[in-house]
Amino acid sequence: MSTIKESVEELIKKPLEEMLSAAQHLRKPALSDSCTAPQDLAQAYQIQRSIFCQNNKGLGAWKLGRLGDSSVFCAPIYAADIFKEGDKLPAHYQNACHVEAEVAVKLNRAIKSTDKIELGDIADYFSEVCCAIEVLDSRFIDWQETGSLYHIADRNMNGAIALGAAQQITTLEDYQQQSFTLMINDELISSGENLHPEADLPAALWGFVQRVQASSYDLECDSWVTTGSWSGYPVAKVGDKIKLNFSRLGDLSIEL
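When you line the sequence shown up against our numbering, it's residues 10 to 265, in that order.
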């Protein structure tokens with residue numbers, strides 16, 4: 010009896026891709042249990058890529074991070090969701106509004122999904138670095154209880170990103186060794202030194218490229234890639250003023 014009931018409940022759920030697409034267009038998040046679950050990681054990425062291509066808002070950046078099994082994930086960031094020093098962000102980024110202090114690096118050449126990239130050469134593909142503030146958002150009301158496959162399909166909670174002034178990269182390791190402060194409305198929220206979440210940044214970037222290629226994306230020249238949060242993800246709200254400083258990269262300020 011329970012199997013029949015579960016089958017009926019599954020049939021009346023909306024497809025996840027349909028729900029996420031509608032949520033993005035209408036800016037109305039939904040409950041995760043109102044839609045079908047991704048069958049596996051491959052399907053979650055398929056949904057992510059399909060929605061991204063449907064929206065046709067242009068690709069400007071990427072985020073990387075780690076899943077529970079320590080594998081590297083990727084998520085595209087729309088060009089329209091990239092901001093700079095002093096910008097005020099659109100107020101619709103507020104369903105799951107959190108901010109992260111990040112370091113971002115810039116691709117100096119395109120990478121196609123069919124290209125063979127060696128770990129030992131990965132640093133040659135990145136030429137610039139900057140500080141970044143990622144604003145998290147979600148198309149799920151219950152995002153805190155939602156599984157990782159849902160978040161993969163939903164671009165891993167990206168709402169927007171702000172990028173600071175670019176500098177030429179010397180070596181990737183230089184940008185793991187620095188101090189930072191993150192302030193909200195002039196209140197110190199997070200600070201520290203040498204807290205980069207990736208002990209081996211070249212390996213993380215190589216894993217990111219492998220994941221992007223496996224998901225049938227091409228990486229475009231001049232795209233920025235975030236490299237993980239130094240600060241956790243403190244909550245913020247519309248109207249807050251966010252200021253980030255990295256000792257090697259300078260300041261970046263935005264308003265939500």
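We treat Cβ as the ideally placed atom computed from N, Cα and C, and that holds for glycine. For clarity, every value in this text was computed on a predicted model and none was experimentally measured.
Residue i, enclosing beta strand (DSSP E) - first and last residue
i: N167; result: 167 to 172
i: H107; result: 107 to 116
i: S200; result: 196 to 202
i: A32; result: Unbroken run through A32 is the alpha helix (DSSP H), 25 to 35; no beta strand (DSSP E).
i: E98; result: Inspection of the sequence shows that residue 98 is occupied by Leu rather than by Glu. No beta strand (DSSP E) contains L98, which DSSP labels as neither H nor E.
i: A141; result: 135 to 145
i: I251; result: 250 to 255
Helix, strand or coil at residue i according to DSSP, with G and I counted as helix
i: W215; result: helix
i: W71; result: strand
i: S41; result: helix
i: Q185; result: helix
i: W239; result: coil
i: S225; result: coil
i: S80; result: coil
i: D151; result: coil
i: Q177; result: strand
i: S59; result: helix
i: D231; result: coil
i: L258; result: coil
i: E18; result: With a pLDDT of 46 at E18, under the threshold of 50, the modelled position of that residue is not reliable, and the figure given next carries that caveat. Helix.
i: L191; result: strand
i: I13; result: With a pLDDT of 48 at I13, under the threshold of 50, the modelled position of that residue is not reliable, and no figure is offered here.
Residue i, enclosing alpha helix (DSSP H) - first and last residue
i: A162; result: 157 to 162
i: L128; result: Note, L128: premise wrong, no alpha helix (DSSP H); not H, not E.
Cβ neighbours of residue i in the same chain (closer than 6 Å, five flanking residues each side left out)
i: V112; result: Y184, T236
i: A132; result: L181, P211
i: K250; result: N194, E264
i: Y87; result: K66
i: Q187; result: F255, S256, R257
i: F296; result: The shown model of the chain, from 10 to 265, leaves out residue 296, and the question about it has no answer.
i: M28; result: A39, C44
i: L204; result: W239
i: N117; result: S136
i: I126; result: V218
i: V244; result: H107
i: W152; result: A105
i: P206; result: G237
Close Cβ partners of residue i (< 7 Å) along its chain, the five nearest in sequence each way excluded
i: T155; result: S41, F149
i: P38; result: A32, N104, S147, R148, F149, I150
i: S225; result: R58, S122
i: E19; result: Low confidence applies here, because E19 scores a pLDDT of 48, under 50, leaving its location unreliable; read the following figure in that light. Closer than 7 Å at Cβ, skipping near neighbours: T45.
i: T7; result: Since the displayed the chain opens at 10 and closes at 265, residue 7 lies outside it and no answer follows.
Residue i at chain C interface by Cβ criterion, 7 Å
i: Q55; result: Here chain C cannot be found, since the structure has a single protein chain.
Spatial neighbours of residue i in its chain, beta-carbon cut-off 8 Å, leaving aside the 5 residues before and after
i: A175; result: K115, E137, V138, C139
i: G77; result: S157
i: L145; result: A105, C106, H107, V108, E109, M166, N167, G168, Y242
i: D124; result: Q222
i: S262; result: E94, G95, K250, I251, K252, L253
i: S232; result: L68, G69, A70, W71, K115, L116
i: I120; result: I126, Y134, V218, V221, Q222, D227, L228
i: P24; result: C44, T45
- With a cut-off of 8 Å, do at least 3 Cβ pairs link the region 85 to 98 to the region 163 to 178? yes
Decide if the region 202 to 216 is in contact with the region 46 to 60; the criterion is three or more beta carbon pairs, one per stretch, under 8 Å apart. no
inquiry  = Tell me whether the region 241 to 257 and the region 158 to 165 touch, counting them as touching only if at least three CB pairs, one residue from each stretch, are closer than 8 Å.
reply    = no
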